[in-house]
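Under this note's numbering, think of the first position of the sequence shown as 6, with each following residue one higher. Idealized CB from N, CA, C, for every residue including glycine. Notes for the one structure printed next.
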Amino acid sequence: MKISFSKILMPQKHNLVIFFSEGQKLAGSLKKIDLKTDGQISRAIKNSDFKGKNGQNLEVISPNKMSVSKILLVGIGDIKKQDSLLAENIGGKTANLLNKSKAEMAYLILDKIDGMQITFEKYCAHLLIGLRLGNYQFNKYLKSKLKERRNSLKEICLMANNFPLIKKDFNYINKVIDGVFLTRNLVSEPSNVLYPKSFAEISKTLEKSNMKVEILLPNQIKNLKMNALLGVAQGSINEPRVVVFKYDGGSKNERPLAFIGKGVTFDSGGISIKPSQGMEDMKWDMGGAGVVAGLMSSLSNRKAKVNAIGVVGLVENMPSGSAQRPGDVVQSMSGQTIEVINTDAEGRLVLADILWYTQKKYKPSIMIDLATLTGAIIVALGEKYAGLFTNNDLLAERLSDAGKKVNELVWRFPLSKDYDKLINSHIADVKNVGSRGAGSITAAQFLQRFVNKTPWAHLDIAGVTWGNLPKPTVPKGGTGFGVRLLDQFIRDNYEK
Ligand code: BES
Ligand code: MN
Ligand code: ZN
6 MKISFSKILM PQKHNLVIFF SEGQKLAGSL KKIDLKTDGQ ISRAIKNSDF
56 KGKNGQNLEV ISPNKMSVSK ILLVGIGDIK KQDSLLAENI GGKTANLLNK
106 SKAEMAYLIL DKIDGMQITF EKYCAHLLIG LRLGNYQFNK YLKSKLKERR
156 NSLKEICLMA NNFPLIKKDF NYINKVIDGV FLTRNLVSEP SNVLYPKSFA
206 EISKTLEKSN MKVEILLPNQ IKNLKMNALL GVAQGSINEP RVVVFKYDGG
256 SKNERPLAFI GKGVTFDSGG ISIKPSQGME DMKWDMGGAG VVAGLMSSLS
306 NRKAKVNAIG VVGLVENMPS GSAQRPGDVV QSMSGQTIEV INTDAEGRLV
356 LADILWYTQK KYKPSIMIDL ATLTGAIIVA LGEKYAGLFT NNDLLAERLS
406 DAGKKVNELV WRFPLSKDYD KLINSHIADV KNVGSRGAGS ITAAQFLQRF
456 VNKTPWAHLD IAGVTWGNLP KPTVPKGGTG FGVRLLDQFI RDNYEK
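Written out as structure tokens, the structure reads:
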């Protein structure tokens, strides 16, 4: 979607959207527009129940003496409640309204009113961000007759007299949203298109002067002795890859922040095969890796003042004659041996080697992994919160605070010796599943055995990576959850 800015003018075609708060008067430039239509807007308001409440809207089709197709009044509600998240929601809803009426282009106007929780300029920036987020659609496979299912909205123009200031706020967040969209696209791709090699190739295209992208091939992965990861990959004809993103934006001797992603491009369960019902969802079992790619790309585009490493373990988990069997024992890169009780608990096997490799090679100051790790986290938290597990209270607080700001919420779960005991194996150092209960916690305990005292947090994003219930700024499908959360987390705590 093209987004432009202009001074306030009288649009000659397309659609005009007027944002209107509860009880607002038609003053200033809005008054001028109303007068131009011989008072048609004020009459429409008077003769309807439109009060400017959030969620209300009113259409004036073919307004008098104006050549725009329609004027759409969008209620934003109580002026005192207006903050960045509400602005984004209203923007998202507006995109949906415009798409429903097959609008291709719209001019937006919002009278500058005092009393919002953020500056008017910030508010406008978030409104536009919301429009863009809500207008997202993964439509590359909607071909031929399905074209009418594509979103119609192609362009919006915000009319405001002080737009250079708005543009500054907008441009910054917009780069983060580019990363969110990259993640949404990756998560949405089917597994015949996105597999370890193609994911690595896409990652390589993100290379820039401030970010190097290194791809580890199967023989290099073998030489590093990542046998836990290799065991998962061995049943598939699609060979594994490990991708390392190295972003330099901080000072030379500053230890990097590390972000690690589970990249299972398809999870059939392996020999412990999953039921066929819903198995198609397992194309997005690379959601964690998708977030790392989106985040690293955002950091490099917005030139964040920090050093960061992103590492993703890319494998396909398939049943076959060469697949790993339940009961197999593998020796991970850390030296610890793992009894593979269930080949469907594969994400933690991949992460075991990636976490160990990252802390050993890059000595990060902190390490955060993202993984669609357990079905149990969906039972516990549904689609709203990601599960947070950490060995560090400060990280917990910082992640939780950042999440609230961008509406990507996290909820902390406990870790303890008693849970850790549940994954002791009779014949190896550790086994890859616990007992009946606490499935998400024992999965996290497993990961913790491979972080070697590094301050670490694990986000179980199985419930939040794919949205089944559409929201104004998050259409059904890949959500990109995690990119904005971690960008905010970095911005608030690590950039000087
Ligand atoms: N990728 C799945 C978890 C998952 C389930 C993600 C549903 C998104 C939606 C993971 O690899 C898995 O299969 N976990 C098992 C673990 C069990 C075998 C201990 C699970 O949650 O059932
Ligand atoms: Mn699995
Ligand atoms: Zn999985």
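Closest by CA to residue i, which one among the options?
i: V237; options: G97, E344, P477, V469; result: E344
i: E244; options: G255, K227, D434; result: K227
i: P475; options: S26, L163, I8, G139; result: G139
i: N144; options: N156, S203, E351; result: N156
i: S241; options: D39, P331, S149, P201; result: P201
i: P369; options: L400, C162, R260; result: R260
i: Y146; options: E194, N215, F186; result: E194
i: T42; options: D83, K107, K310, N69; result: N69
i: W416; options: V192, G468, M6; result: G468
i: G2; options: A294, L420, Q29; result: Residue 2 lies beyond the residue range present for the chain, which begins at 6 and ends at 501; the question has no answer from this structure.
i: P477; options: L31, A100, T188; result: A100
i: N457; options: L132, I371, T377; result: I371
i: S302; options: W289, P419, F55, G254; result: G254
i: M6; options: L14, R154, L158; result: L158
i: S9; options: K365, K37, R137, G44; result: R137
i: A448; options: L211, D465, G82; result: D465
i: R353; options: T379, L40, G340, I495; result: T379
i: V73; options: I38, L102, D88; result: I38
i: R514; options: I446, D183, G57; result: Residue 514 lies beyond the stretch modelled for the chain, which goes from 6 to 501, so this question has no answer here.
i: L191; options: A294, K148, P419, K56; result: A294
i: V297; options: K257, V247, P419; result: V247
i: Q239; options: S214, T210, G275; result: G275
Nearest-angstrom Cα distance between residue i and residue j?
i: L91; j: L222; result: 45 Å
i: Y390; j: T484; result: 13 Å
i: K12; j: I23; result: 15 Å
i: F394; j: N52; result: 55 Å
i: Q122; j: D333; result: 58 Å
i: K75; j: K18; result: 9 Å
i: E219; j: V249; result: 5 Å
i: L35; j: F168; result: 17 Å
i: A433; j: Q336; result: 9 Å
i: L356; j: C129; result: 41 Å
i: M2; j: V65; result: As shown, the chain starts at 6 and ends at 501. That puts residue 2 outside it, with no answer to give.
i: P331; j: K436; result: 11 Å
i: M15; j: F186; result: 33 Å
i: F494; j: S67; result: 47 Å
i: S273; j: M323; result: 6 Å
i: Q45; j: L77; result: 13 Å
i: N166; j: T124; result: 15 Å
i: A462; j: G96; result: 32 Å
i: D54; j: F25; result: 14 Å
i: E212; j: L234; result: 25 Å
Going by the beta-carbon positions, is the gap between residue i and residue j smaller than 9 Å?
i: I346; j: V438; result: yes
i: V317; j: S203; result: no
i: S196; j: E321; result: yes
i: L105; j: D174; result: The sequence shown places Lys at residue 105, not Leu. Contact: no.
i: M291; j: L319; result: yes
i: L375; j: G444; result: no
i: T348; j: A328; result: yes
i: E93; j: E160; result: no
i: R454; j: D425; result: yes
i: E27; j: K310; result: no
i: G299; j: T470; result: no
i: D116; j: A32; result: yes
i: Y367; j: A263; result: yes
i: N59; j: K85; result: no
i: D358; j: M231; result: yes
i: L133; j: L163; result: yes
i: L21; j: I114; result: yes
i: E413; j: G487; result: yes
i: D497; j: A401; result: no
i: P480; j: Y141; result: yes
i: T270; j: Q364; result: no
i: I373; j: L491; result: yes
For residue i, write down the residues that DSSP places opposite it in a beta bridge.
i: G318; result: V247, K267
i: F394; result: H463
i: I383; result: Partner(s): none; I383 has no beta bridge.
i: D286; result: Its beta-bridge partners do not exist; DSSP assigns none.
i: E64; result: L77
i: W471; result: G483
i: N20; result: K75, A111
i: E351; result: The partner list for E351 (beta bridge, DSSP) is empty, contrary to what the question assumes.
i: M216; result: K213, Y252
i: C162; result: S9, Y112
Check: Pick out every residue whose C-beta is nearer than 5 Å to a heavy atom of the ligand BES: which are they, in chain order?
Finding: D272, D290, N347, D349, A350, G352, T377, T379, G380, V438, A467
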